[in-house]
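2 protein chains.
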Amino acid sequence: MPCTKDSELDKLRNEVLETTKEIFSLIAKRQSLCAEIGKLKQMKGLGVEDPSVERALRDSIAKEAMRLGIDKDFAQRLTTLLIEECTKVQPKPPERKVLTHRDIARMAEALEKQGIKVIRMDVGEPDFRAPGVVIERAYQEMRAGRSRYTEPKGKPELRQAIADYVRMRFGADIKPDQVIATIGGAFGVYLALASTISPGDEVVVIDPSWPIYKPCVRYVGGRPIVLETKLEDGWEPSLEELNEKISAATRAIILNYPCNPTGKALERKTFKGIAEIAQDRKLTLISDEVYADYNFTEKGHNTVLSYPDVSHVMISSFSKSWGMTGFRVGFVISDLERVNRMAAIQSMLITCIPEFIQYAAIEALKCLEDAKRNSDVMKERAEAVCKALEPLPVSFYKPDGAMYVFPRIDVEGIDGSEFAVKLLEKKNVSVAPGGAFGNYFNYFRISLGQPKESLLEGVRRIGEFLS
Amino acid sequence: MPCTKDSELDKLRNEVLETTKEIFSLIAKRQSLCAEIGKLKQMKGLGVEDPSVERALRDSIAKEAMRLGIDKDFAQRLTTLLIEECTKVQPKPPERKVLTHRDIARMAEALEKQGIKVIRMDVGEPDFRAPGVVIERAYQEMRAGRSRYTEPKGKPELRQAIADYVRMRFGADIKPDQVIATIGGAFGVYLALASTISPGDEVVVIDPSWPIYKPCVRYVGGRPIVLETKLEDGWEPSLEELNEKISAATRAIILNYPCNPTGKALERKTFKGIAEIAQDRKLTLISDEVYADYNFTEKGHNTVLSYPDVSHVMISSFSKSWGMTGFRVGFVISDLERVNRMAAIQSMLITCIPEFIQYAAIEALKCLEDAKRNSDVMKERAEAVCKALEPLPVSFYKPDGAMYVFPRIDVEGIDGSEFAVKLLEKKNVSVAPGGAFGNYFNYFRISLGQPKESLLEGVRRIGEFLS
Numbered sequence: 001m002p003c004t005k006d007s008e009l010d011k012l013r014n015e016v017l018e019t020t021k022e023i024f025s026l027i028a029k030r031q032s033l034c035a036e037i038g039k040l041k042q043m044k045g046l047g048v049e050d051p052s053v054e055r056a057l058r059d060s061i062a063k064e065a066m067r068l069g070i071d072k073d074f075a076q077r078l079t080t081l082l083i084e085e086c087t088k089v090q091p092k093p094p095e096r097k098v099l100t101h102r103d104i105a106r107m108a109e110a111l112e113k114q115g116i117k118v119i120r121m122d123v124g125e126p127d128f129r130a131p132g133v134v135i136e137r138a139y140q141e142m143r144a145g146r147s148r149y150t151e152p153k154g155k156p157e158l159r160q161a162i163a164d165y166v167r168m169r170f171g172a173d174i175k176p177d178q179v180i181a182t183i184g185g186a187f188g189v190y191l192a193l194a195s196t197i198s199p200g201d202e203v204v205v206i207d208p209s210w211p212i213y214k215p216c217v218r219y220v221g222g223r224p225i226v227l228e229t230k231l232e233d234g235w236e237p238s239l240e241e242l243n244e245k246i247s248a249a250t251r252a253i254i255l256n257y258p259c260n261p262t263g264k265a266l267e268r269k270t271f272k273g274i275a276e277i278a279q280d281r282k283l284t285l286i287s288d289e290v291y292a293d294y295n296f297t298e299k300g301h302n303t304v305l306s307y308p309d310v311s312h313v314m315i316s317s318f319s320k321s322w323g324m325t326g327f328r329v330g331f332v333i334s335d336l337e338r339v340n341r342m343a344a345i346q347s348m349l350i351t352c353i354p355e356f357i358q359y360a361a362i363e364a365l366k367c368l369e370d371a372k373r374n375s376d377v378m379k380e381r382a383e384a385v386c387k388a389l390e391p392l393p394v395s396f397y398k399p400d401g402a403m404y405v406f407p408r409i410d411v412e413g414i415d416g417s418e419f420a421v422k423l424l425e426k427k428n429v430s431v432a433p434g435g436a437f438g439n440y441f442n443y444f445r446i447s448l449g450q451p452k453e454s455l456l457e458g459v460r461r462i463g464e465f466l467s
Numbered sequence: 001m002p003c004t005k006d007s008e009l010d011k012l013r014n015e016v017l018e019t020t021k022e023i024f025s026l027i028a029k030r031q032s033l034c035a036e037i038g039k040l041k042q043m044k045g046l047g048v049e050d051p052s053v054e055r056a057l058r059d060s061i062a063k064e065a066m067r068l069g070i071d072k073d074f075a076q077r078l079t080t081l082l083i084e085e086c087t088k089v090q091p092k093p094p095e096r097k098v099l100t101h102r103d104i105a106r107m108a109e110a111l112e113k114q115g116i117k118v119i120r121m122d123v124g125e126p127d128f129r130a131p132g133v134v135i136e137r138a139y140q141e142m143r144a145g146r147s148r149y150t151e152p153k154g155k156p157e158l159r160q161a162i163a164d165y166v167r168m169r170f171g172a173d174i175k176p177d178q179v180i181a182t183i184g185g186a187f188g189v190y191l192a193l194a195s196t197i198s199p200g201d202e203v204v205v206i207d208p209s210w211p212i213y214k215p216c217v218r219y220v221g222g223r224p225i226v227l228e229t230k231l232e233d234g235w236e237p238s239l240e241e242l243n244e245k246i247s248a249a250t251r252a253i254i255l256n257y258p259c260n261p262t263g264k265a266l267e268r269k270t271f272k273g274i275a276e277i278a279q280d281r282k283l284t285l286i287s288d289e290v291y292a293d294y295n296f297t298e299k300g301h302n303t304v305l306s307y308p309d310v311s312h313v314m315i316s317s318f319s320k321s322w323g324m325t326g327f328r329v330g331f332v333i334s335d336l337e338r339v340n341r342m343a344a345i346q347s348m349l350i351t352c353i354p355e356f357i358q359y360a361a362i363e364a365l366k367c368l369e370d371a372k373r374n375s376d377v378m379k380e381r382a383e384a385v386c387k388a389l390e391p392l393p394v395s396f397y398k399p400d401g402a403m404y405v406f407p408r409i410d411v412e413g414i415d416g417s418e419f420a421v422k423l424l425e426k427k428n429v430s431v432a433p434g435g436a437f438g439n440y441f442n443y444f445r446i447s448l449g450q451p452k453e454s455l456l457e458g459v460r461r462i463g464e465f466l467s
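Residue numbers (the UniProt record's numbering), protein chains in the order written: chain X, 1 to 467; chain A, 1 to 467.
Written out as structure tokens, the structure reads:
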């Protein structure tokens, strides 16, 4: 290396170069071993990824790194890079084509453009409109010039209003500095993950789940570990299985109750059990509670805020409760340290949310009767749809909350994706295929974001289709 | 590894584990060599980073990887990880505390809360308001229920309007599908980086630069490589130096002309030279053109869209041209493939931008006379401020555009951060310290986002302070 004339430095630099070359030569060896493993797995019909093998590898490396005095996060990052590269050199089985609700939505829109009326039960968006006072407030603030940059966390008035609301609604003692107003609930999930996960970390996702969780975990460099729940168990996650899914690399569990797509709300006992596991294993509970207001049970909503001693992020949104999807405003609550990390990310990525929309959100928090009315309407729709589904060849859990029903098709040989496409083509009814939510290919999701009459007509046509 | 009973697989897996351990043991050896180098450098008073040594290492590794059949991008990424970790184990000189414009803004707000009137020349936000028709349109659309989810890229009408605008404004032939309406210009920069960079990749940033670029490159796992420009050269980047900064790991160059903070607009010849380098070296030009409308020269704005054969992302915003900072709306333009990657990220992170704001943006694109008037006002302010700065003990480049002046303090022993703090305390004038924009500690940035009279009073007080 001719860059300096210093012989002592040059000698050391040469040694670094030689060592680096040796490292690469071992990596080449490692890759050819991985390629062999890949071929063997292919012959035996095994999948490429094997979480338990990976976990064992990571544990060994963690010990080795400690022994060698190598930084443990660096060691895990490097391991992730090695694993990913080795996965690339292994032959992969053809992937099962998963049709998402977005695919169906696009097909439905194409039909609509041809003038065909489609009963839209695909997209998870309530048909409610924002309260009039919310719109008027946004307008007044815009006119008054409130369309400037604000604090990344959101204006103090809004964060105070959210803290007050949360105290009133959930009895949780939250300081305004623990609140960030976010650009929607999805961004809240992203902030929670981005501020909690380092590359190579694992996150438990309970399936069936909102299709964004797993890609988002991967996007921040983490690895989603799926805990499957079953209709037969009333979509109740098993605490025992949950414990088995947790490894030394696990950092968080994502909860979403009331659940999209199942409508399940957890029993307090189960929620508490999960909280205890999180505390024991030092995990963060990332609790997406955007459907908190759509809870039809008498027991009321379970929130992670009831467990202040457990590391947590609570995510909420104005979208569902007040029909404000297109306002893109939500909030997250966590401990001050993580909130500040999340605020730094929001600041870098989007600066802040629109100023006048922050005032609209303040106004929405006063419209508690609107949120209640919307919830009552959703409950009535859920009941009507479930009643109409009863005689059909489907099985389902009667939702405790959220805005969905997630039936299984009990007709042999019907795949959920195929069902969704044909139902759309033949009956002009759009539903979300179950495969988008996990390994639930003979399920489909009905979104209740339509007037009851449309929903009932949709279910009637589903009945016709299945008969 | 007890995870499967398959002896053949187990044997191979064990070999993988042993090889991985060997890799780590070499890494430990490499780190101790690096630590030795670090000590030696410290003794000799040399800096920790040495780009030419790094480049030589990268070149050797590239050859070695090719010889060994290792993917070359993966090899460079791994090399970055090794270099960064080795930089960490070397003793570092104490870091210089960098005060940002946000720190100064917070201090200024604290004074304002005490009732003290501060002349705010810190934040890069024009004082212009959104055109009235923009506000009315947003209101009308909200009232009409246009507050729902939209396509992640933005509504087709808006993307068509942007494509038409870009054709009219820059003569660029862009299809609506190559456009994404983003939640502000900063998010456009993020999307450009996130869709272009893999961990370990390098990105050239031309300093002085907007303080968000380097952290954002790091945030997506990349490594910012700084090309410094000098006031003495009229902030013109040297093509020769640029070439030297590019290594096998370089993927992109970030351009921001007219420039925040210098006000520099590139000569067409220089822009072309950079485009040619990008084409030769297969790099992406990420061109942040949010100040395109604030161009005071007669030669007009240079846009990366003039180089369709070069891989590029063009970023723009409604914030500056129309005084719409708090609407959080901008757009990016690129090739269809990258645009689709960016749209997938925007979809996952924020779903879409508020629907009624998309209509507001359509309306703004019709208000060309407002953008022109705002630009004229900014030009007049720039001229007045420069004239007022002339007699002061400062040196500066008379801005070609943007909304800033970036003077150097020609008084011995004054540090830019100290200057900003004392100026605020003693004269109640807030400016952004130069250190926030790179290695420019005896500079400060004046933002022109205030009425001329305030700016002139601010400069008068700066003069008093420096005399």
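Ideal placement from N, C-alpha and C gives every residue a C-beta, glycine not left out.
Do you know whose CA, among the options, lies nearest residue i's CA?
i               : options                        : result
G38 of chain X  : A:T284, A:C367, A:L12, A:R67   : A:L12
S375 of chain A : A:G401, A:I83, A:A161          : A:G401
I446 of chain X : X:L57, X:S430, X:Q114, X:K72   : X:S430
V203 of chain X : X:S247, X:E232, X:D370, X:D173 : X:S247
E54 of chain X  : A:L78, A:R55, A:N14, A:D59     : A:N14
L266 of chain X : X:G234, X:I27, X:F406, X:R281  : X:G234
T182 of chain A : A:Q346, A:A436, A:K21          : A:Q346
P451 of chain A : A:K299, A:R129, A:K63          : A:R129
What in chain X is Cβ-close to residue i, meaning under 8 angstroms?
i                      : result
residue 506 of chain A : Absent from the structure is residue 506 of chain A, since the part of chain A shown begins at 1 and ends at 467.
With 16 as the cutoff for other CB atoms within 10 Å, does residue i come out buried or exposed?
i               : result
P156 of chain A : exposed
G449 of chain X : buried
R106 of chain X : exposed
K282 of chain X : exposed
M142 of chain A : buried
G323 of chain A : buried
Q90 of chain A  : buried
So, under 8 angstroms CB-CB, residue i and residue j are touching, yes? Tell me the CB distance rounded to an integer number of Å.
i               : j               : result
F318 of chain X : A278 of chain X : Contact flag wrong, Cβ pair sits at about 27 angstroms.
S316 of chain X : A292 of chain X : 6 angstroms
P126 of chain X : G438 of chain X : Not quite, the Cβ-Cβ distance comes to about 24 angstroms (not below 8 angstroms), so this is no contact.
Q31 of chain X  : R58 of chain X  : 18 angstroms between Cβ atoms; not a contact.
H312 of chain A : L285 of chain A : 4 angstroms
N302 of chain X : R268 of chain X : 6 angstroms
I162 of chain X : F331 of chain X : 5 angstroms
Please list the partners that residue i has in chain A, where partner means a Cβ-to-Cβ separation under 7 angstroms.
i               : result
Y294 of chain X : The premise fails here: Y294 of chain X is roughly 17 angstroms from chain A at the closest Cβ pair, so nothing lies under 7 angstroms.
For a contact meaning CB atoms closer than 8 angstroms, what does residue i contact in chain A?
i               : result
A75 of chain X  : F24
R129 of chain X : G145, S147
G184 of chain X : I350, T351
Could you tell me which chain B residues have their CB closer than 8 angstroms to the CB of residue i, listed as they occur along the chain?
i               : result
A110 of chain X : Structure shown: chain B not included; protein chains present are X and A.
Can you pull the chain X neighbours of residue i, defined as C-beta to C-beta under 7 angstroms?
i               : result
G171 of chain A : Within 7 angstroms Cβ-Cβ: nothing; G171 of chain A doesn't reach chain X, min ~31 angstroms.
Y190 of chain A : L349
L9 of chain A   : I37, L40
In chain A, which residues lie less than 9 angstroms from residue i when you measure between Cβ atoms?
i              : result
L17 of chain X : A56, L57, S60, I61
Item to check | Cβ-based contacts, 7 angstroms cut-off: residues of the segment 300-328 of chain A near chain X | outcome: M324, T325, G326, F327, R328
Checklist entry - Between the segment 194-218 of chain X and chain A, which residues of the former have CB atoms less than 8 angstroms from a CB of the latter, in chain order? => result P199, I212, P215, C216
Next on the checklist: Please identify, using Cβ separations under 7 angstroms, the residues of the segment 240-261 of chain X that lie next to chain A, in order along the chain.
Outcome noted: Answer in chain order: no residues at all.
Next on the checklist: So if I threshold CB-CB distances at 9 angstroms, which residues from the segment 26-49 of chain X count as touching chain A?
Outcome noted: L26, I27, A28, K29, R30, Q31, S32, L33, C34, E36, I37, L40, K41, K44, L46
Checklist entry - Just by C-beta distance, which residues in the segment 359-377 of chain X are closer than 7 angstroms to chain A? => result none
Checklist entry - Closer than 8 angstroms, Cβ to any Cβ of chain X: which residues of the segment 53-81 of chain A, in chain order? => result V53, A56, L57, S60, I61, E64, A65, L68, G69, I70, D71, F74, A75, R77, L78, T79, L81
Checklist entry - In the segment 379-399 of chain A, which residues sit with their C-beta less than 9 angstroms from some C-beta in chain X, listed in chain order? => result none
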